[in-house]
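According to my numbering, the stretch in the sequence shown is residues 16 to 764, in order.
Quick notes on the structure that follows.
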Amino acid sequence: MIAVVHISPTHQTGVHAEKELVNILRHLTGEQVRSVSAPAADARISISLSTDSSLHPQEIMIDADPVSVEIKGGSEGAVLHAVYTFAEKFGCVFEFSGILFPEKKEVLEMPELHVRHIPGMPNRGIRMHLNFVQDQSFFTEKEFAGFIDNMARQKFNYLLFHMYTPQQWFPFEYRGIRHLDLGLGNLNRKPLAEDMIGRSRVKVKEHWFPQEFEQIRDNEELLKAVYGRYKSMMSRAHARGIRNSVSFEPESMPQAMAAKLPEWTGQGAPAFNSSDALTVNWQEEWSGVKLAEPDIRHPLVIDIAVERVLQCIDAFPELDELQLISREGVAWRPKDGATYADEIARLCRKFEFAAEVFDSAGLGRTVPAGEGPEMNLKAHPYWTVPPGDNFFPTVIGSLRYIEFSIAILKDPRVQAKLAERKIEAEIAVYSPNPETIRLMMPPLAKMLPKGIRFSCLADYGARDIADNLPSWKPLADAGHRIGVISWLEFDGTMMLAQSWLDSLVENVRKAKALGAEVMSFNHWRVRSLEHNAAAAAGLCWDPSLTADEFKDDYFGRMFGKENADLAKEAYGLLEEATIYAKTYNYNIGFTTDWVFRNSTDIPGYYWRRLMESKGNYQKALDVFRKLEAVSIRTGRKQAAYMRDYCQMTVWHVDAVHHLQNAKLPLMGYKAWPVTNERAAWPAPEILKVLVKEADKALALEIKYMRVLSRWVKSCDEQGQLSMHHQGVIEPLTSFAKTLSEHLEDGAGN
C-alpha cells in the first residue's frame, strides 16, 4: 500500500494537491493508494505533503528513497507544483490538452530523488486572447475549468483575460449609458449546415457558440452569463495557485459612449477622430466589431477610461492584476496643420527629456518594398508600417498611448482603488513591428513612471519576439519592471500545423536575461499546440535548460528516450516550415474567410513560395509518420495527430495555390467578386480551366475537413472545424458552383 499523508491544508490549493497526487499514483500503479492523516504502519511507501515557511514561496523540495517521500513547498501552490514535478519523474506528461500517463505498473519502485528548485520566471502563464471561436470564451464551463487545471499541471501560475477589441465582459455604465454592444466570435451565429463534414461532433443545436449560452439572444443576459463564467474561472484559478489578470484596451471605446461624446462635450465629432484608417480597416475586418478611436488626450475620454478601470476592479473580486493594453498596431497621424515634430517637442517638454532620445532618421525612414515578388498588403508580414510609409505614426501613436495610460493610472480614484484591493497595474503596448519597437523603447523608457511594470506584445510569433528582445535594453537600463508577451502560435497560420520549440526556448531565455518578471503566451487553439505549451512552461520553470535538455526530457517521456532524436527531427522540420510560411506566405491560414477574400487578392502568394511551403510541411509529415510507427504508447496518438495536421497543412497550401489559379485571372476580367454584374467574363476555353482549378481547391479543403473531423472532440477543435466550414468550405463551394454555372451559360460568348 502507498500512503499519502496529507498537508493539513488551509486553502483549496493544498486540498487539490493531495487529490492530484492520489489520482496520479492510481494511474501509475495497481497497488492500493490511500490518503491518510498520519503515517500508516502497513504502508510500503509513505509520501508526505507539507508546506515549509523556510522555503521561498515558490520553492519546491522533493526527497525520496525506496520507502519514504517528502514533498514540500514554500506555499500550497508550490506543493502543487512539487507534486507535478514528482509525477514527471515517473514518465507523466502534463500536456496543454490533458494528462498522458505511462504504462501502469503493478508495483511502483521508488527511486532516490533529491530536487530543490525555485522557478526561474516568477510569473508565467497564458494570455487568453478572448472572443475568437477556438478560445476559452467558447468553452463549456467544464472544459474551461479543465483548461485551468491543465495550466496548473504545467506549473503555470498566471492567467490573463484579454478582452479583445472592445468586447469587455464586465458590467460598465457611464452617465447612464451602458456598454451592451457585445458579441462572441466572428461567425455571427450563422447556422451550421446539416451536411457539414463532422457536424455531429460539434455539440451545439444550430450555430457555433458556447453550448450553455447558445440560446441566449439578449445582450444583457449574455453579458451576465459570460461575466459570471469569467468570475467563476478566476475562483478556479485561485484554487490552483494561479494569479488572475484582466486586460482591456482603454482607447477602444464602446460605440455607445463614442456616439455620445459630441453631445457630452458640445464639440463636433471630428474633434475626437484620431483614426488611422489602416488600423481600423484591418481590425474591423477580422474582429467583426465597429471601432471608435476618440482622441485619447481629451479629459472626458480619460475620465471614461478611469471609470472603466474602477468598474472592472469592482466587477472581479478575485482580480490580482490589471493591464491596460493599446490597440493592436496603435498609430497616430497629426491633423489640422500639426506635425510629428510638434508632438515630439510636446512629449519631451512634458516628460522632461531631450529630443535627441528619438532616432529621427530612423523614424523618418521610408519602408522599401521587400525583396522578391510584390506582396499583397493583407499578406504582408509587417502590415502596421507598409512599404512607402515611415515609422512616425506607430512610434508616436505608442508613446501617446503610454501618456494616456499614465494619466489613467495616476488618477486619485484609480490609485485609491488599486491600493485598497492590492492590485498590480501594468501598461502594455501591442505593436507588431520590430523596428517600431526599437524606435519607441528609448523615449518610452524616459516616460514610464518607476514601479509600473511595462509589457509589450512586439510581434507575431515566438521567433520574432525573441529576435527583437535586445531592442528592449533601454527599459532594463532605466531600471523598469518588464513583462514579455509571446505566442504559442501565429494566428495567420491558425489552420496549419505549427512548431515554435526552439524559438520559445530562446524567447524565454532572452526574457530572463533581460530581467523580465512576467512571461505570458497568447494562443487560441489548445489542441495541436501541446509541444509549444510544454516548451513555454518548461523553460519558464527552468530557463537554464538548453533546447536539447528540454527536448530530451519532454520527448523522452512522450515518445520514448530511444525516439527523442526522431522527435527532434520531426518538430525541427515543422518549425522550419512554420517560420518559412510566416515569412513568405503570411496569413495563409488566417481566421474565417480572410484567405479566400483578402490575402489571395492581386498579386496573391508567389507560387514558388507556396510550393516551397508545401514541400517543407511534407518533409515534417514524413518524419511524424516514422515517429508514430516507433513511439511508445504515451505519445503514439499525438504523433499520429501531428502527422495528420501536417497532411492537412499540405492540402491547404496546395488548395490556396489552386484557388489563386482560378481567382487571380478573374480579377483581371473584373469578374471578382463573382457577383459583379458588369464583369467581362473570360472565353469558355479559359473559364473551363478556371473551373477545374476551383474544383481542385475545394476538393483539397474537403479532404482537410474529413481528416480534421476525425480528431474533433474539444471545444477549440469544434470551433476550428466550424470556422473552416464557414470560412473556407462554404465560400469555395459557392465560388466553384458560380464558375460552373457561368461556363454552362456560355458566359464567355
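Even glycine gets a Cβ: it sits at the ideal position worked out from N, Cα and C.
Runs of the beta strand (DSSP E) lying entirely within the region 327 to 413 and spanning at least 3 residues, in chain order: 336 to 340.
One Cα belongs to D474, the other to P449, and the distance between them is close to 7 Å. Non-local beta-carbon contacts of I438 in its own chain, meaning distances under 8 Å to residues more than five positions away in sequence, involve I328, L334, D335, E336, L337 and K432 in chain order. The C-beta distance from L681 to L715 rounds to 19 Å, too long to meet the 8 Å contact threshold. The three-state secondary structure of T66, taken from DSSP, is strand.
About 5 Å separates the beta carbons of A18 and V51, which is inside the 8 Å limit, making them a contact pair.
E504 and E545 have their C-alpha atoms roughly 11 Å apart. Membership of V638 in the alpha helix (DSSP H) is indicated by the continuous run W622 to V645. The residues A677, F750, A751 and L754, in chain order, have a CB closer than 6 Å to that of A709 in the same chain once the five nearest residues on each side in sequence are set aside. In this structure, the beta-carbon distance from E74 to H132 falls below 8 Å. Cβ-Cβ distances below 6 Å link D67 to K87 in the same chain, with the five nearest sequence neighbours on each side left out; the list follows chain order. DSSP places D78 in the strand class (E or B) of the three-state scheme. Taking all protein chains in view, the Cβ of R204 is surrounded by fewer than 16 other Cβ atoms within 10 Å, so the residue is classified as exposed.
In the three-state reduction of the DSSP assignment, M720 falls in the helix class, which pools H, G and I. In summary, Q230 is exposed, with fewer than 16 beta-carbon neighbours lying within 10 Å of its beta-carbon over all protein chains present.
Three or more beta-carbon pairs separated by less than 8 Å link the region 518 to 532 to the region 547 to 565, which places the two stretches in contact. A distance of 8 Å or more separates the beta carbons of L723 and V217. Under DSSP, H222 takes part in a beta bridge, and its partners are P206. Leaving aside the five residues that flank K275 on each side, the residues in its chain whose CB is nearer than 8 Å to its CB run, in chain order, R190 and I192. Going by beta carbons, F419 and I257 fall outside the 8 Å limit. Contact check between the region 557 to 576 and the region 636 to 654: three or more CB pairs, one atom from each, fall below 8 Å, which counts as touching. For N631, the number of other beta carbons within 10 angstroms of its own is at least 16, and it is reported as buried. Only residues of its own chain outside the window of five on either side were considered, and among them E229 have a CB closer than 7 Å to the CB of K220, listed in chain order.
Judged by DSSP secondary structure, M455 falls within the alpha helix (DSSP H) whose first and last residues are P449 to M462. For T561, the number of other beta carbons within 10 angstroms of its own is below 16, and it is reported as exposed.
Ranked by Cα distance from A330, the first of V382, H395 and V261 is V261. When C-alpha distances from V400 are compared across Y179, L758 and L454, the shortest belongs to L454. Unbroken alpha helix (DSSP H) runs of no fewer than 4 residues, entirely contained in the region 223 to 275, are found at 234 to 254 and 270 to 273, following chain order. Assignment of S514 by DSSP, reduced to helix, strand and coil, places it in the coil class. Scanning L43, V82 and F407 for the CA closest to the CA of I114 turns up L43.
Around R524, the same chain offers L554 and P558 as residues with beta carbons nearer than 8 Å, after the five sequence neighbours per side are excluded.
In this structure the region 115 to 135 does not lie against the region 149 to 168, because fewer than three pairs of beta carbons, one per stretch, are closer than 8 Å.
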